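**Student:** Protein chains in written order, with the numbering used here: chain E, -5 to 145; chain Y, 11 to 251; chain W, 5 to 65.
By construction, the Cβ of each residue, glycine as well, lies at the ideal position given by its N, Cα and C atoms.
Being a predicted model, the structure only gives us computed values, none of them experimental.
Pasting a structure here, questions to come.
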Amino acid sequence: MTRKQRRLYIVGGFMLIFAAAAALVLMAFEENIVFFYSPSELARKSAEQPIPPDRRLRIGGLVEEGSVQRDADGVTITFRVTDKVDVLPVRFRGLLPDLFREGQGIVAEGSLATNGTFVATEVLAKHDETYMPKEVAEALKKAGQWQGKEE
Amino acid sequence: MSLHYFANPTRFTRLAGRIQPWAGGLAALLLAVGFYLALIVVPADYQQGDTVRIMFVHVPSAWMAMFCYIFLAVASAVALIWKHPLADLAAKASAPIGAGFTFLALVTGSLWGKPMWGAWWVWDARLTSVLILFFLYLGYMALWQSIEDGQKAAKAAAVLALVGAINVPIIKFSVDWWNTLHQPASVLRMDGPAIHPSMLWPLLIMALAFKVYFVALLLARMRMELNLRRIRALRLAERSS
Amino acid sequence: MEGMGQFFAMGGYAGYVWPAFAIVLVVMAALWFISDRGWRKSEQTLAALRKNRRQRESDAE
């Protein structure tokens, strides 16, 4: 074959090998790459191996409708996070992001208490990828075509 | 292959010199239109309010950050495999532009993330891989600077560019492969754009503006790199005579 | 008109929206300025080198 062809195969070969190596590394480090666990992923993990209460981790999901409650102290807030399969109760004391509301996606960092409640030290909002003007959203809601997207 | 037509540096310089002013003017015009649309015409988002305007600079910057790297990697491959005389110059010229756009993607993303997510920065797969992209650009430019011999520098830089290319699909699919805080794609996705047309068109105009700006800047930098190569050759010839 | 005030306030997010657009303008302008000046300087240097070379060649004759 020509020298050009040989260079092509060498470069191509190295790229493939490197891609395979990268894929293996990423799979091995999956747990560190994942930014949060959904409630059902968390349930699956604790079933495999119980999660100690001092282990810091992040959970994510939608704030379950009707689950947001403020404690008697007026600062602590409790709500439930759902991924439509499993539900996880969360307790948080601190500043909530602007976008926080029922039906909104959130990611919380904290630890799992022994009673199964997730005690959060930080709550972030996770919004979806849809963009539209307010009027369009209103019109969709009125027409009953609002597909349960977060508000 | 038509690329070889432009292998002649003189021909390239002449053509580049003619295209560049038009590209620059068009870029300035499209940018002005894009800024006007993004800041004044586009309505506030139902969910994100006026912060959605940041999307019109953040998304095109991120697109260009990846596009420039793909350009750089392809040019590097062409230089290594086909030994096209202008390919490594094209790669070298595009690196600072890509680094600039990556920086802008990170900073505008941060300014958007703080009000909407509640955090300036998180180490999720999307943000981390884009930060790695930024370091790749810097490393690539540093490699060119640090090796005296132009041909050896070109080869080393090309190898780094190709090794780093694995990062591009990782960036793109990070939001699909792993749980991330960053949301999934809004435009380039299976079900079509998730952006309302009143917002999509200004976004595409801004994206085009950034692309044309890249072309104008690339041509200027390639002509500069060509001159620097000729200068080095002349000085080398003088020293040996 | 109060529309202007609303425009600059950006729904309360002015501190995020304006700096974002400003930094984009600044970086893109700076990159263009540096590249353009780099090119001009290289043209000058090259022209000077070629002129010197031609002078030396004609002196040598």
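Going along the region 28 to 44 of chain W in order, which residues come within less than 9 Å of chain Y, judged by CB to CB distance?
**Tutor:** Residues Val28, Leu29, Val31, Met32, Ala34, Leu35, Trp36, Ile38, Ser39, Asp40, Gly42, Trp43, Arg44.
**Student:** Per DSSP, what kind of secondary structure is Arg85 of chain E in: helix, strand or coil?
**Tutor:** Numbered from 1 along the first sequence, position 91 holds the residue referred to as residue 85 of chain E. Strand at Arg85 of chain E.
**Student:** Pairing CB atoms from the region 74 to 88 of chain E with CB atoms from the region 98 to 112 of chain E, are three or more of them under 8 Å?
**Tutor:** The region 74 to 88 of chain E vs the region 98 to 112 of chain E: in contact.
**Student:** On the criterion of 16 or more Cβ atoms from any shown chain inside 10 Å, does Phe220 of chain Y qualify as buried, or is it exposed?
**Tutor:** Here the question's residue 220 of chain Y lines up with position 210 in the second sequence. Burial call: buried.
**Student:** Under 7 Å between beta-carbons, which chain Y residues line up against Gly54 of chain E? List them in chain order, please.
**Tutor:** Along the first sequence, one-based indexing puts residue 54 of chain E at 60. Near Gly54 of chain E (Cβ distances below 7 Å), the residues of chain Y are Asn189.
**Student:** Per DSSP, what kind of secondary structure is Gln63 of chain E in: helix, strand or coil?
**Tutor:** The residue you call residue 63 of chain E lines up with position 69 of the first sequence. Note: Gln63 of chain E maps to strand in three-state DSSP.
**Student:** Under the rule that 16 or more other beta-carbon atoms within 10 Å means buried, what is Gln10 of chain W, buried or exposed?
**Tutor:** Position 6 of the third sequence, counted from the first residue, corresponds to residue 10 of chain W. Gln10 of chain W comes out exposed.
**Student:** In terms of alpha-carbon separation, which member of Y:Ala115, Y:Tyr79, Y:Phe45, Y:Leu39 lies closest to Ala258 of chain Y?
**Tutor:** Outside the modelled stretch of chain Y, which goes from 11 to 251, sits residue 258 of chain Y, for which no answer is possible.
**Student:** I believe Ala146 of chain E touches Gly59 of chain Y by the beta-carbon criterion, under 8 Å. Please report the beta-carbon distance rounded to the nearest angstrom.
**Tutor:** What the structure shows of chain E is the stretch from -5 to 145, and residue 146 of chain E is not part of that stretch, so it cannot be assessed.
**Student:** Using a C-beta to C-beta distance shorter than 9 Å, which residues of chain W count as neighbours of Pro106 of chain Y?
**Tutor:** In the second sequence, the residue the question calls residue 106 of chain Y occupies position 96. Here the neighbours are Leu35, Ile38, Ser39.
**Student:** Report the residue from Y:Val43, Y:Ile176, Y:Ala135, Y:Leu210 whose alpha carbon sits nearest the alpha carbon of Val69 of chain Y.
**Tutor:** The sequence position of residue 69 of chain Y within the second sequence is 59, counting from 1. Of Y:Val43, Y:Ile176, Y:Ala135, Y:Leu210, the residue nearest in Cα terms is Y:Leu210.
**Student:** Using a Cβ cut-off of 8 Å (strictly closer), state whether Ser46 of chain W contacts chain Y.
**Tutor:** Numbered from its first residue, the third sequence carries residue 46 of chain W at position 42. By this cut-off, Ser46 of chain W is an interface position.
**Student:** Quick check: what's the CA-CA separation for Glu145 of chain E versus Lys124 of chain Y?
**Tutor:** For the purposes of this step, residue 145 of chain E is identified with residue 151 of the first sequence, where counting begins at 1. For the purposes of this step, residue 124 of chain Y is identified with residue 114 of the second sequence, where counting begins at 1. For Glu145 of chain E, the predicted model reports a pLDDT of 40, less than 50, meaning its position is unreliable; a value from the coordinates is still stated below. Roughly 19 Å between the two C-alpha positions.
**Student:** Once DSSP output is grouped into helix, strand and coil, what is the label at Lys93 of chain Y?
**Tutor:** In the second sequence, counting from the first residue as 1, residue 93 of chain Y sits at position 83. Residue state, collapsed to three classes: coil.
**Student:** Name, please, each residue of chain Y whose Cβ falls closer than 7 Å to the Cβ of Lys(-2) of chain E.
**Tutor:** Within the first sequence, the letter at position 4 stands for residue -2 of chain E. Ordered by position in chain Y, the residues that pass the 7 Å Cβ test against Lys(-2) of chain E are Ile91, Trp92.
**Student:** Using DSSP with H/G/I as helix, E/B as strand and the rest coil, what is Ser286 of chain Y?
**Tutor:** In this structure chain Y extends from 11 to 251, so residue 286 of chain Y is not present and cannot be described.
**Student:** Which same chain residues, not among the five before or five after Glu47 of chain W, have their C-beta less than 6 Å away from its C-beta?
**Tutor:** In the third sequence, residue 47 of chain W corresponds to position 43, counting from 1. Contacts found: none.
**Student:** Can you check which of these residues, W:Met14, W:Val31, W:Ala18, W:Leu50, is closest to Arg239 of chain Y by C-alpha distance?
**Tutor:** Here the question's residue 239 of chain Y lines up with position 229 in the second sequence. When each option's Cα is compared against that of Arg239 of chain Y, the closest is W:Leu50.
**Student:** Assess, as a yes-or-no matter, whether the region 10 to 21 of chain W is touched by the region 197 to 217 of chain Y under the definition of 3 or more beta carbon pairs within less than 8 Å.
**Tutor:** Verdict: no, contact absent.
**Student:** Is it a yes or a no for the region 156 to 167 of chain Y touching the region 130 to 139 of chain Y, going by three-plus beta-carbon pairs under 8 Å?
**Tutor:** Taking 8 Å as the limit for Cβ pairs, the verdict is that the region 130 to 139 of chain Y does not touch the region 156 to 167 of chain Y.
**Student:** Got a sec: is the Cβ-Cβ distance from Gly27 of chain Y to anything in chain E below 8 Å?
**Tutor:** As a working mapping, residue 27 of chain Y is identified with position 17 in the second sequence. Answer no: the Cβ-Cβ gap between Gly27 of chain Y and chain E never drops below 8 Å.
**Student:** May I ask you to report which of helix, strand or coil DSSP gives Glu35 of chain E?
**Tutor:** On the first sequence, position 41 is the one that residue 35 of chain E refers to. Glu35 of chain E: helix per DSSP, three-state reduction.
**Student:** Can you list, in chain order, the residues of its chain whose CB lies under 7 Å from that of Lys143 of chain E, leaving out five sequence neighbours each side?
**Tutor:** Translated into positions along the first sequence, residue 143 of chain E becomes position 149. Bear in mind that the predicted position of Lys143 of chain E carries a pLDDT of just 48, short of 50, making it unreliable; the figure below should be weighed with that in mind. Once the five neighbours on either side are set aside, the close Cβ partners of Lys143 of chain E are Asp122, Thr124.
**Student:** Could you give the distance in angstroms between the alpha-carbon of Ala131 of chain E and the alpha-carbon of Ala54 of chain Y?
**Tutor:** Counted from its first residue, the first sequence places residue 131 of chain E at position 137. Counted from its first residue, the second sequence places residue 54 of chain Y at position 44. Whole-angstrom Cα-Cα distance: 11 Å.
**Student:** Which chain W residues are close to Gly110 of chain Y, counting only those with a beta carbon under 8 Å from its beta carbon?
**Tutor:** Along the second sequence, read from residue 1 onward, the residue named residue 110 of chain Y stands at position 100. Neighbours of Gly110 of chain Y on chain W, chain order: Val31, Met32, Leu35.
**Student:** Confirm, please, whether the CB-CB distance from Ala26 of chain Y to Leu229 of chain Y is below 8 Å.
**Tutor:** Counted from its first residue, the second sequence places residue 229 of chain Y at position 219. Counted from its first residue, the second sequence places residue 26 of chain Y at position 16. Cβ distance < 8 Å, so Leu229 of chain Y and Ala26 of chain Y count as in contact.
**Student:** Let's test the definition: count the other Cβ atoms within 10 Å of the Cβ of Ala152 of chain Y and tell me whether it reaches 16, buried, or not, exposed.
**Tutor:** As a working mapping, residue 152 of chain Y is identified with position 142 in the second sequence. Exposed, by the Cβ-count rule.
**Student:** On the DSSP bridge assignment, give the partners of Asp55 of chain Y in chain order.
**Tutor:** Here residue 55 of chain Y is taken as the residue at index 45 of the second sequence, counted from 1. Paired residues: E:Pro127, Y:Gly59.
**Student:** Compare the C-beta of Arg21 of chain Y against all C-beta atoms of chain W and say whether one is closer than 8 Å.
**Tutor:** Position 11 of the second sequence holds residue 21 of chain Y. Judged by the 8 Å Cβ criterion, Arg21 of chain Y is not in contact with chain W.
**Student:** For Lys120 of chain E, which beta-bridge partners are listed by DSSP?
**Tutor:** Residue 120 of chain E sits at position 126 when you count from the first residue of the first sequence. Paired residue(s): E:Gly99.
**Student:** Tell me which residues share the same chain as Met11 of chain Y and place their Cβ nearer than 7 Å to its Cβ, disregarding the 5 neighbours each side in the sequence.
**Tutor:** Numbered from 1 along the second sequence, position 1 holds the residue referred to as residue 11 of chain Y. Note that Met11 of chain Y scores 47 on pLDDT, short of 50, meaning its location in the model is unreliable; the coordinates nonetheless yield the value given after this. Around Met11 of chain Y: no qualifying Cβ.
**Student:** Using DSSP's beta-bridge definition, name the partner residues of Thr70 of chain E.
**Tutor:** For this step, residue 70 of chain E is matched to residue 76 along the first sequence. For Thr70 of chain E, which the question treats as bridged, DSSP gives the partners E:Arg87.
**Student:** Evaluate Glu58 of chain E with the Cβ neighbour count: other Cβ atoms within 10 Å of its Cβ, from every protein chain shown; 16 or more gives buried, anything less gives exposed.
**Tutor:** For the purposes of this step, residue 58 of chain E is taken as the residue at position 64 of the first sequence. Buried, because 16 or more other Cβ atoms sit within 10 Å of the Cβ of Glu58 of chain E.
**Student:** State yes or no: is the C-beta of Leu222 of chain Y within less than 8 Å of the C-beta of Leu47 of chain Y?
**Tutor:** Position 212 of the second sequence, counted from the first residue, corresponds to residue 222 of chain Y. Position 37 of the second sequence, counted from the first residue, corresponds to residue 47 of chain Y. For the record, residue 222 of chain Y in the displayed sequence is Val; it is not Leu. No, the Cβ-Cβ distance between Val222 of chain Y and Leu47 of chain Y is not below 8 Å.
**Student:** Should Glu42 of chain E be flagged as near chain Y, meaning a C-beta pair shorter than 8 Å?
**Tutor:** The residue you call residue 42 of chain E lines up with position 48 of the first sequence. Not an interface residue.
**Student:** Per DSSP, Phe112 of chain E forms a beta bridge with which residues?
**Tutor:** Locating residue 112 of chain E in the first sequence gives position 118, where the first residue counts as 1. DSSP output for Phe112 of chain E lists E:Val84, E:Leu106 as bridge partner(s).
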